[in-house]
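J.: In the working numbering, the protein residues as written are 476 to 579.
1) Using only CA atoms, which one of 571, 516, 522, 568 lies nearest to residue 541?
2) Among the residues of its own chain, which have a CB less than 7 Å from the CB of residue 487, if the five just before and after it don't count?
3) Less than 6 Å between C-beta atoms, sequence neighbours within five positions excluded: which residues of the same chain meet that for residue 503?
4) What is the DSSP secondary structure of residue 568, counted as helix, strand or coil?
5) Which term fits residue 514, buried or exposed, when burial requires 16 or more other beta carbons within 10 angstroms of its beta carbon?
6) State the Cα-Cα distance for the pair residue 558 and residue 564, rounded to the nearest angstrom.
7) Mind checking who residue 575 pairs with in its DSSP beta bridge?
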């Protein structure tokens, strides 16, 4: 009689650098609506919309310095990519800001 054993791979211990922490925005001050917050620690980057009281899960906090970036929309523009054209002048926002993009 052969006993059936259900082999399972060994459980890996969660390393400190992979620990998931929660960051909660307590007060966002007067940031514009739609602002995006970005956390960067080690090789991990996490983006979320700024919202008071919202918990954001970020892996790796506590093992390396944390960089916080705030991003707000300057403007947007939708354009069609045309066959035979590879450079586009793209107007962005109200202050006549534009980008020149090459698409190959």
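Ideal Cβ placement from N, Cα and C applies to all residues, glycine included.
T.: Result, derived from the coordinates:
1) By 1-based counting over the chain shown, the position of residue 541 is 66. Taking residue 541 as reference, the option from 571, 516, 522, 568 with the minimal CA-CA separation is 516.
2) Indexing the chain shown from 1 puts residue 487 at position 12. Note that residue 487 scores 48 on pLDDT, short of 50, meaning its location in the model is unreliable and no value can be drawn from it.
3) Here the question's residue 503 lines up with position 28 in the chain shown. These residues qualify, in order along the chain: 525, 527.
4) Counting from 1 along the chain shown, the entry for residue 568 is found at position 93. DSSP places residue 568 in the coil class of the three-state scheme, outside both helix and strand.
5) Here residue 514 corresponds to residue number 39 of the chain shown, with the count starting at 1. Taking every protein chain shown into account, the CB of residue 514 has 16 or more other CB atoms within 10 angstroms, so this residue is buried.
6) Reading the chain shown from its first residue, position 83 is the one you call residue 558. Reading the chain shown from its first residue, position 89 is the one you call residue 564. The alpha-carbon atoms of residue 558 and residue 564 are separated by roughly 15 Å.
7) Against the chain shown, residue 575 aligns to sequence position 100. According to the DSSP secondary-structure assignment, residue 575 is paired through a beta bridge with 564.
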